[in-house]
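Okay, so here's the structure we're looking at.
Numbering (the working numbering), first residue to last: 24 to 85.
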C-alpha cells in the first residue's frame, strides 16, 4: 500500500523548520521516502489532529 505524501506544493519553512503548506517538519519531509507505512500513518494522524484542533494548535514536538 502506497501512502501519498501530504505535500500540497506550497512549500515554505517557518522559523521552526515546519512547512507552512503541509505542516510537516523538515525531518518528516526529508525522510518521507524512507519511512515505513506505519511512520507515514503517524505523520498523517498528527497532521489530521493539527488540522482539526481548536484554533489549529495541536502541534507537538516530535
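Backbone N, C-alpha and C fix where the C-beta goes; we use that ideal spot for every residue, glycine too.
CA-to-CA, the gap between residue 27 and residue 53 works out to about 14 angstroms. Here the alpha carbon of residue 29 sits roughly 20 angstroms from the alpha carbon of residue 38.
Taken in chain order, the whole alpha helix (DSSP H) runs of length 4 or more contained in the segment 37-76 are 49-54 and 60-75. The C-beta of residue 42 has 16 or more other C-beta atoms within 10 Å across all chains shown, which makes the residue buried. For residue 24, the closest of 59, 69, 65 and 78 by C-alpha to C-alpha distance is 59.
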